[in-house]
Amino acid sequence: MFVTGEFREKEPVVHTIRQLRDAGIDSSALDLFSAEPVELARGVLDRPSRMSLVAVSAAVGTGLLATAFIRYTQHDYKLVTGGMPLFSFWATGVITYELTMLGAIVATFGWFLRESGLIRRREKDAPVPHVDPGVICLRVRCPAGQAPETIDTMRRHGALKIERSGQ
Amino acid sequence: MATTPELLPYGRIREDLFRPLSGVSRNYVLATVVAFVIGAAGLVAWGHQLRSGMGVTGLRRPVFWGFYLVNFVFWIGISHAGTLISAILRLTDAAWRKPVTRAAEAITVFALMIGAMFPIIHLGRGWLFYWLFPYPNGRMLWPNFRSPLLWDVTAITTYLTGSVIYLYLPLIPDLAQLAEHRTLWRRTLYRTLSLGWTGSDREWHALERAMKLMAGMILAVAVSVHTVVAWDFAMTVAPMWHSTIFGPYFVTGAIFSGIAALIVVLAALRKILHLEFYLTRHHFNNLAKLLLLMSLLWFYFTMAENLTVWYGNDPGEMAVFAARTRARYAPYFWTMVLLNFVVPLVLLGIRRLRTIRTATIASACVLVGMWLERYLIIVPTLANPRLASASSTYTPSWVELAITAATFAAMVMLYMVFSKLFPIIAVWEFKPHPLEEE
């Protein structure tokens, strides 16, 4: 089931998150909703990311593929090069570089869509709170038995509105 | 009393920045119609060129690169506005960038789209442009990857892809907010484009990470793009083109003209959309200082390039040098120096004179000056080849003039449409002040 609390300030949210995590709720069960990014201190609600790794891997992969492709095409139909080598990094390095960057850019965008959950919703049935500007909503996924404790924690830290939904 | 946008209630910021999206004034309609007519005239001219062939242009032996290539280099240069302002300032966490980044990123995308059209127009048989894509044709021929033309295609494709993503990513949160408020077709548009953004911390984290990565990558690509454009020229052994500093010289010029374009666009938006409170003198002052810095750098490169040619005294190069500085092209050359160096130095170098109006005037001068610079790089060299007896002149035809005018109109039109569909300032980047929240 889901419990959603609405807060006006960042500090109460931080305290609520800390207490809920101490009570055994995993950070993957917690979601914050806001109209603008909320910066939290390290360790409060970290979201590990592999975006940089994916970008670098895609860059290396695309770069190698591009180099192999160019090499193949230049040997597949041999043009007259006036004594110059058929394939040389000097002449094709620019294209390899650009395609390397293209691979990294597209991979970053693709991974952004995946990591943000925009194309692969983790919990399709989870309620999405309507967030007004200046408001921070904390949504907690917890077993039904733990809901009263979660609600109590939110209330103690100053949640203005608390809703529970789902089974 | 709130004195900066950051201290305003968030609701007020949202209202102010979303207001320009609704309703169209008579002046807006008039400007759009004028831009459309000029753009349509350019399309007619291009159609005439496609039907009749390249003979309708002023391109004659030995000048086979004229206005089209000048415009190509010019617009690709303008596209550097978004990169410098948005990417560098984002990476350095400069707070003053907030109201200017989206306007800059939009310039990049539109300028690139326009610039990328010119090689196709210049091809003559534009409908065959897909031959540039690497696929084996009927005779199992592949494109020649050693050709700088193919370098251009790859570089611009990468830059355009990256720039569109770079513009789109920070738009998503604003689109999600707009999805609740607008009329049916707008609601559908914004909902589709916002991809179901909910404002969760996972989305914000992913967005901020992606923006940081993209900023670094787009910067590297931007530098390479204009370097590649410079190498179109430097890879030949034509007089005054075969230069090792052409790469950085072009990149400097591109950033220079990009900042100038940004200042002009911001000044226009400020006035038309009544954004005086968000685009303040502080922003123009900072941009003006950057413009001045780039003016000095540009002058340094121009001096270095011309001095070494003059000192070398190579007959082939001196013919071009003389044509540029003392003969047929001298008025353009000295006007360029005046507009790109003297005017910015006086108007922006003297602090008392540095205002929003003078920064806009200096920027408009730089735009004209930089267009002349592109013209002076391309045409005199081709008109004065190493074989002196083959020298000639170049005069653009009405077709080239119409197409050139159409591209400026297209830029205006694209920008006007964009500013009516999307907030020109990233609303979510202004965080609300809790105490003043409504």
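As they're listed, the protein sequences go chains A and B.
Mind the numbering: the first sequence is residues 15 to 181 in my numbering, read in order.
Mind the numbering: the second sequence is residues -13 to 424 in my numbering, read in order.
All residues carry an ideal CB built from backbone N, CA and C; glycine is no exception.
| query | result |
| --- | --- |
| Name the chain B residues that come within less than 9 Å of residue 39 of chain A, Cβ to Cβ? | The contacting residues do not exist; residue 39 of chain A stays about 15 Å from chain B at best. |
| CA-CA distance, residue 269 of chain B and residue 278 of chain B? | 14 Å |
| By DSSP, does residue 45 of chain A sit in helix, in strand, or in coil? | strand |
| With 8 Å as the C-beta to C-beta threshold (strictly closer), list the residues of the region 66 to 93 of chain A near chain B in chain order. | 66, 69, 83, 84, 87, 88, 90, 91, 93 |
| Give me the Cβ distance between residue 118 of chain A and residue 72 of chain A, rounded to the nearest whole Å; I'm assuming they're in contact under 8 Å. | 5 Å |
| Are residue 17 of chain A and residue 165 of chain A close, meaning C-beta to C-beta below 8 Å? | yes |
| Helix or strand or just coil, what does DSSP make of residue 154 of chain A? | strand |
| On the DSSP bridge list, what partners appear for residue 16 of chain A? | A:155, A:179 |
| Quick check for students: name the residue ranges of the alpha helix (DSSP H) that lie wholly in the region 126 to 210 of chain B, counting only runs of 4 or more. | 134 to 154, 158 to 164, 170 to 180 |
| Under a Cβ-count criterion, where at least 16 other Cβ atoms within 10 Å of its own Cβ denotes burial, should residue -13 of chain B be classed as buried or exposed? | Note that residue -13 of chain B has pLDDT 41, beneath the 50 cutoff, so the model's placement of it is unreliable and no number is given. |
| Run through DSSP, which three-state label would residue 0 of chain B get? | helix |
| Can the beta-carbon of residue 79 of chain B be found less than 8 Å from the beta-carbon of residue 52 of chain A? | no |
| Do you know whose CA, among B:4, B:356, B:411, lies nearest residue 61 of chain B's CA? | B:356 |
| Would the region 57 to 75 of chain B count as touching the region 369 to 378 of chain B if we require 3 or more Cβ pairs under 8 Å? | no |
| Find the residues of chain A that neighbour residue 235 of chain B, judging by a C-beta separation of less than 7 Å, and give them in chain order. | Neighbours of residue 235 of chain B on chain A: none; closest Cβ ~18 Å, over 7 Å. |
| For chain A, check one thing: does any of its Cβ atoms lie closer than 8 Å to the Cβ of residue 189 of chain B? | yes |
| Determine, using beta carbons only, whether residue 420 of chain B comes closer than 8 Å to chain A. | With a pLDDT of 43 at residue 420 of chain B, under the threshold of 50, the modelled position of this residue cannot be trusted, and the question is left open. |
| Taking 8 Å as the threshold (beta carbon to beta carbon), is residue 137 of chain B in contact with chain A? | yes |
| Residue 360 of chain B by DSSP, collapsed to three states: which one? | helix |
| Taking DSSP's pairing of strands, which residues face residue 21 of chain A in a bridge? | A:150 |
| Check for me: the alpha helix (DSSP H) holding residue 125 of chain A runs from which residue to which? | 103 to 130 |
| Can you check which of these residues, B:354, B:337, B:229, is closest to residue 292 of chain B by C-alpha distance? | B:229 |
| Less than 7 Å between the CB of residue 250 of chain B and some heavy atom of the ligand ZN, yes or no? | The ligand ZN is not among the ligands present in this structure, which contains no ligands whatsoever. |
| Residues of chain A with a CB under 7 Å from the CB of residue 148 of chain B: which are they? | 119 |
| For the region 96 to 108 of chain A, list every residue whose C-beta sits within 7 Å of some C-beta in chain B, in sequence order. | 105, 106, 108 |
| Would you identify the three-state DSSP class for residue 49 of chain B, choosing helix, strand or coil? | strand |
| With DSSP collapsed to three states, give me the class of residue 397 of chain B. | helix |
| Out of B:30, B:339, B:288, which one is the CA nearest neighbour of residue 327 of chain B? | B:288 |
| State the DSSP-derived secondary structure class of residue 354 of chain B, mapped to helix, strand or coil. | helix |
| With 8 Å as the C-beta to C-beta threshold (strictly closer), list the residues of the region 22 to 53 of chain A near chain B in chain order. | 22, 23, 45, 46, 47, 48, 49, 50, 51, 52 |
| Using a Cβ-Cβ cut-off of 8 Å (strictly less than) and excluding sequence neighbours within five positions of residue 236 of chain B, which residues of its own chain qualify? | 59, 63, 212, 213, 215, 216 |
| Please identify, using Cβ separations under 8 Å, the residues of the region 345 to 361 of chain B that lie next to chain A, in order along the chain. | none |
| Name the chain A residues that come within less than 9 Å of residue 183 of chain B, Cβ to Cβ? | 130, 132 |
| Between residue 173 of chain A and residue 19 of chain A, which are expected to be in contact by the criterion C-beta below 8 Å, what is the C-beta distance as a whole number of angstroms? | 4 Å |
| Could one say the Cβ of residue 122 of chain A lies closer than 8 Å to chain B's Cβ atoms, at least one of them? | yes |
| Among the residues of its own chain, which have a CB less than 6 Å from the CB of residue 240 of chain B, if the five just before and after it don't count? | 63, 66, 212 |
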